[in-house]
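Structure first, then comments.
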Amino acid sequence: RLQAQQEYLEEIRKRREAETQLVYSASHHEITGLPNRLLFEKSIRPYIEKPDPGKESVSIFLLHVRRFDDVNKTLGHRNADVLLCRIGERINSVVSNHKGAIPLDKRDDGSVYAAHIEGVSFCFSIAQETRDETLAEVDNLMKLMSAPVEFMGLSIELSFLVGCSFAKSTDSDPQTLLR
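Heads up: the sequence shown at position 106 corresponds to 106 in the numbering used here, and the numbers run straight through without jumps.
Quick look at the structure:
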């Protein structure tokens, strides 16, 4: 009887682990491990619906890595995937130092602020006192993110196409703001 209970408990533990893994897989990008579009939208919705006091604006930034297809062709897909992870971590690191960055997820080593929404596109969100304050800081963020990445003995130059949208009201929708 004791053995049957232990087997039952082990089965429950395995089921919980499988459920946890399914939830993680459904909410994180398979290559970078960063939050995906679904988790991004879910995480920023409360900031849009009920902005923090003193924060006039919630902005969403969409970054598309330019000319990444050349990296894929030159270095191969596996190496390009490793580089994509480094780019995602750099974006997350730069955004995490911004005082208005909106956290999307937690890890053992801290909060996660960047999401990998598809292909070579990442996004993050910032709550600021004014739109002008947000736009003034974009240049600094982009300079930090665009610094060359040392990879496989190469210095790889990064450039991004950047889009920004602002939540105009509490009924703004994260999906619409990402378009």
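Heads up, the beta-carbon is just placed ideally off N, CA and C, and yes, glycines get one too.
Remember, predicted model here, so these are calculated numbers, not experimental data.
Just curious, the beta strand (DSSP E) that residue i is in, first and last residue?
| i | result |
| --- | --- |
| residue 118 | 115 to 118 |
Rounded to the nearest angstrom, what separates residue i and residue j at their Cα positions?
| i | j | result |
| --- | --- | --- |
| residue 85 | residue 33 | 8 Å |
| residue 150 | residue 129 | 36 Å |
| residue 17 | residue 27 | 16 Å |
| residue 160 | residue 20 | 34 Å |
| residue 168 | residue 136 | 19 Å |
| residue 109 | residue 89 | 12 Å |
| residue 42 | residue 59 | 15 Å |
| residue 147 | residue 78 | 22 Å |
| residue 141 | residue 179 | 21 Å |
| residue 76 | residue 70 | 9 Å |
| residue 2 | residue 25 | 35 Å |
| residue 80 | residue 7 | 43 Å |
| residue 166 | residue 73 | 36 Å |
| residue 23 | residue 163 | 29 Å |
For residue i, name the three-state secondary structure that DSSP assigns.
| i | result |
| --- | --- |
| residue 35 | strand |
| residue 121 | strand |
| residue 14 | helix |
| residue 98 | coil |
May I ask you to list the residues that DSSP assigns as paired with residue i?
| i | result |
| --- | --- |
| residue 150 | 155 |
| residue 166 | 59 |
| residue 28 | 35 |
| residue 112 | 105 |
| residue 65 | 160 |
Within the present structure, is the beta-carbon of residue i separated from the nearest heavy atom of the ligand HEM by less than 8 Å?
| i | result |
| --- | --- |
| residue 130 | Within the structure as shown, the ligand HEM is missing, as the structure has no ligands at all. |
Note the first and the last residue of the continuous alpha helix (DSSP H) segment covering residue i.
| i | result |
| --- | --- |
| residue 134 | 131 to 145 |
| residue 69 | 68 to 75 |
| residue 174 | 174 to 178 |
Counting only C-beta atoms, is residue i closer than 9 Å to chain C at any point?
| i | result |
| --- | --- |
| residue 2 | The structure shown contains no chain C, having only a single protein chain. |
Taking contact to mean at least 3 C-beta pairs separated by less than 8 Å, is the stretch 113 to 132 in contact with the stretch 34 to 50?
Remark: three or more beta-carbon pairs, one from each stretch, lie closer than 8 Å, so the stretch 113 to 132 and the stretch 34 to 50 are flagged as touching.
Are three or more beta carbon pairs between the stretch 97 to 109 and the stretch 2 to 17 nearer than 8 Å?
Too few Cβ pairs lie closer than 8 Å, so no.
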